[in-house]
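Note that full-length UniProt numbering numbers the sequence shown so that position 59 is 59, with each residue one more than the last.
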Amino acid sequence: MNPEVKQDAVLQKRAETETPCKKRQDYLEWPEYFMAVAFLSAQRSKDPSSQVGACIVNQENKIVGIGYNGMPNGCDDDLLPWSRSASNKLDTKYPYVCHAELNAIMNKNSADVKGCTMYVALFPCNECAKLIIQAGIKDVIYLSDKYHDTPEMTASRRLLDLAGIKHKQFEPKRNKIVIDFNSINLSGMHKATMCPP
Ligand SMILES: [Zn+2]
């Protein structure tokens, strides 16, 4: 065998069989992962002005419900309005749209969501606070609180506090998580060969 080809074969074999030297340090921690799942789910939303996702997690760090804002099942979202303002409230999205929190609770794949934590992109409104309380969720981790001063959010805080539900703003360690479908074709070999022989 040509010595160069042989050398390549040896290197390739080593890359395939050697385990990486150390575990990855930049892996996603649980809270970032769950918040990212909420944000990814929000990408399913057809709402042109606000895409919100929610992810419910049980005490074993297992996801038991995911949801995003959208029109109710079976209601054609081409026939319902998506506007935020109109002279008639019936021509806005508000009377119709289901918030991410509602959908995440309704989509649960466990018997219930008692004692669970909800990760959600936006601080929940008062209507969602009611659902969160009645569903037995114990913690709410939100990213943005941009509607903090509205009556809906004020009422929501009041309800959550009275019901003893903790709510905490999530502080991400990174601003961006990129999903690159190509990475699966690069990582294994590349990382193995990064290790010293
Ligand atoms: Zn809501």
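All C-beta atoms in this analysis are idealised placements derived from N, C-alpha and C, irrespective of residue type, glycine included.
>> Does Glu103 pass the burial test, meaning 16 or more other C-beta atoms within 10 Å, or should it be called exposed?
In response: According to the sequence provided, residue 103 is Asn. The question's Glu does not apply to it. Classification of Asn103: buried, given that the 10 Å Cβ count is 16 or more.
>> Which runs of the beta strand (DSSP E) at least 3 residues long sit entirely within the region 109-176? Give them in chain order.
In response: 117-122, 139-144 and 166-169
> Less than 8 Å separating the beta-carbons of Gly70 and Asp77?
Replying inline: yes
> For Gly65 versus Lys130, is the C-beta spacing smaller than 8 Å?
Replying inline: no
>> Please tell me whether, using a cut-off of 7 Å, the distance from the CB of Pro124 to the nearest non-hydrogen atom of ligand 1 is below it.
In response: yes
> Which term fits Glu171, buried or exposed, when burial requires 16 or more other beta carbons within 10 angstroms of its beta carbon?
Replying inline: exposed
> Between which two residues does the beta strand (DSSP E) carrying Tyr68 extend?
Replying inline: Ile63 to Tyr68
> Would the C-beta of His99 count as close to ligand 1, meaning under 7 Å from any of its heavy atoms?
Replying inline: yes
> What's the C-alpha gap between Gly136 and Met118?
Replying inline: 11 Å
>> With a threshold of 8 Å on Cβ separation, who are the neighbours of Ser49 within its own chain once the five nearest residues in sequence on each side are excluded?
In response: Trp82 and Arg84
> Per DSSP, Ile56 is paired with what?
Replying inline: Gly65 and Met118
> Is it the case that the Cβ atoms of Glu101 and Pro124 are separated by a distance below 8 Å?
Replying inline: yes
>> I'd like to know whether the C-beta atoms of residue 199 and Leu159 end up nearer to each other than 8 Å.
In response: Residue 199 is absent from the structure shown; the chain starts at 1 and stops at 197.
> If we call anything under 8 Å between Cβ atoms a contact, is Ile56 one with Ile105?
Replying inline: yes
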